[in-house]
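A.B. asks: A single structure is presented below for examination.
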Amino acid sequence: VYVATPPSSHKEYTLLAAAAGKPVYVEKPMAPTYSDCMEMVEACKAAGVPLWVGYYRRRLPKFVKIQELLASGVIGDVRSVNIRLRQPVSAQLHRPGTPMDFASLPWRVNPAIAGAGLILNLAAHMLDLVDLLVSPIGHVSGFATNQGGHYPAEDIVTGSFAFENGALGTGSWFFTAADRLDWTELEGPLGRIGYVCFDASPIQLTTAAGVQEIPVTQPDHVHQPLIQTIVDELNGVGHCPSTGTSAARTTWVMDQMLAGWRKG
Numbered sequence: 405v406y407v408a409t410p411p412s413s414h415k416e417y418t419l420l421a422a423a424a425g426k427p428v429y430v431e432k433p434m435a436p437t438y439s440d441c442m443e444m445v446e447a448c449k450a451a452g453v454p455l456w457v458g459y460y461r462r463r464l465p466k467f468v469k470i471q472e473l474l475a476s477g478v479i480g481d482v483r484s485v486n487i488r489l490r491q492p493v494s495a496q497l498h499r500p501g502t503p504m505d506f507a508s509l510p511w512r513v514n515p516a517i518a519g520a521g522l523i524l525n526l527a528a529h530m531l532d533l534v535d536l537l538v539s540p541i542g543h544v545s546g547f548a549t550n551q552g553g554h555y556p557a558e559d560i561v562t563g564s565f566a567f568e569n570g571a572l573g574t575g576s577w578f579f580t581a582a583d584r585l586d587w588t589e590l591e592g593p594l595g596r597i598g599y600v601c602f603d604a605s606p607i608q609l610t611t612a613a614g615v616q617e618i619p620v621t622q623p624d625h626v627h628q629p630l631i632q633t634i635v636d637e638l639n640g641v642g643h644c645p646s647t648g649t650s651a652a653r654t655t656w657v658m659d660q661m662l663a664g665w666r667k668g
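Take a look at the structure:
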């Protein structure tokens, strides 16, 4: 069963599918909160059915290549991670001089449906990738607030992370910016790897030898490589790398960054 509804109903449909004995593939973010995620994991475990989550970037050629670069030791062990995303307010949300009708806003900025704001839709991919490329995050602190007043959800979030492998990291997501930036850097003692999360821009590798731009390909259907791993697992010949357990970790990180904002 493919659950592709907004996040607020992911848990409901996952529990129903598990009760019916059906394997589940649920869209990301897995659920609005970590506790919801763990209910989904436990329900599927009890029913004996697999649970996969649509973090399809885990199998895109670009990020498979970054995994290979890291495994080669070209930058050494990753010790520092920096994630930055900034975007202007979209025309759909920025309506100066008119009364703001929150009920007419897109669901992605309605916490009752999305679970939070754009952070859950966009940061989820970026955080899931560093979970894959570096290691799970073990400790998190963060701040969130609404500065622009365009919608009820938070529009700026910052976080600091300690990874289980010993690396440290920071992240910032700013949704009322003057321009756009999408950039993540993984740094080690021998160099750094930089990449854009949301398009097929080249990977940037910086070492003592200089800066190298490594081109990447993008499949016509970006979900296909991950879906193939699900098909393989169902056929007993492979394993999907995006599970309920791995996806729940990403939701836990976002929970920690949003905790103060959600409490008011």
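Going by the working numbering, the sequence shown opens with residue 405, and the numbers climb by one from there.
Just so it is clear, CB atoms sit at the ideal spot from N, CA and C, and this is done for glycine as well.
1. Taking the alpha-carbon positions, what's the Pro-629 to Pro-645 distance?
2. Apply the 10 Å Cβ neighbour rule to Phe-565 and answer buried if 16 or more other Cβ atoms are within range, or exposed otherwise.
3. By the 10 Å Cβ neighbour count, where 16 or more other Cβ atoms means buried, how is Phe-602 classified, buried or exposed?
4. Please classify Tyr-459 as buried or exposed, where buried requires at least 16 other C-beta atoms within 10 Å of its C-beta.
5. Less than 7 Å between C-beta atoms, sequence neighbours within five positions excluded: which residues of the same chain meet that for Gly-425?
6. Where Val-457 and Thr-610 are concerned, what is the direct C-alpha to C-alpha distance, given to the nearest angstrom?
7. Might you give, ordered along the chain, the residues of its own chain that have their beta carbon closer than 7 Å to the beta carbon of Glu-617, omitting 5 neighbours on each side?
8. Rank Gly-575, Val-405, Ala-571 by C-alpha distance to the C-alpha of Leu-662 and give the top, closest one.
9. So, are the CB atoms of Val-428 and Val-485 less than 8 Å apart?
10. Between Gly-642 and Ile-523, what straight-line distance do the alpha-carbon atoms span, to the nearest angstrom?
11. How many whole angstroms separate the CB atoms of Ala-527 and Ala-557, which I take to be in contact at a CB cut-off of 8 Å?
12. Tell whether a beta-carbon distance below 8 Å holds between Lys-415 and Ala-651.
13. Can you check whether the CB of Tyr-599 is closer than 8 Å to the CB of Ile-479?
14. Within a Cβ cutoff of 7 Å, which residues of the same chain sit near Tyr-417, ignoring the five residues on either side of it in sequence?
15. Does the ligand MN have even one heavy atom less than 7 Å from the beta-carbon of Ala-604?
16. In the DSSP assignment, what are the bridge partners of Arg-490?
17. Please look up how many angstroms separate the CB atoms of Val-482 and Gly-592, rounded, as I've assumed it's under 8 Å.
18. What does the alpha-carbon distance come out to for the pair Ala-581 and Trp-587?
19. Residues in the same chain with beta-carbon distance under 6 Å from His-625, minus the five sequence neighbours each way, listed in chain order, please.
C.D. replies: So, from the data block:
1. Near 11 Å, if we compare the C-alpha coordinates of Pro-645 and Pro-629.
2. buried
3. exposed
4. Per the 10 Å Cβ criterion, buried.
5. Ala-451, Val-453
6. 32 Å
7. Pro-606, Gln-608
8. Comparing C-alpha distances from Leu-662 to each of Gly-575, Val-405, Ala-571 shows the shortest one belongs to Gly-575.
9. no
10. A straight line joining the alpha-carbon of Gly-642 with that of Ile-523 spans about 32 Å.
11. With 8 Å as the limit, Ala-527 and Ala-557 do not qualify as a contact, their Cβ atoms being about 13 Å apart.
12. No, the Cβ-Cβ distance between Lys-415 and Ala-651 is not below 8 Å.
13. no
14. Val-407, Thr-409
15. Absent from the structure shown: the ligand MN. Ligands present: none.
16. Phe-578, Leu-585
17. 5 Å
18. 15 Å
19. none
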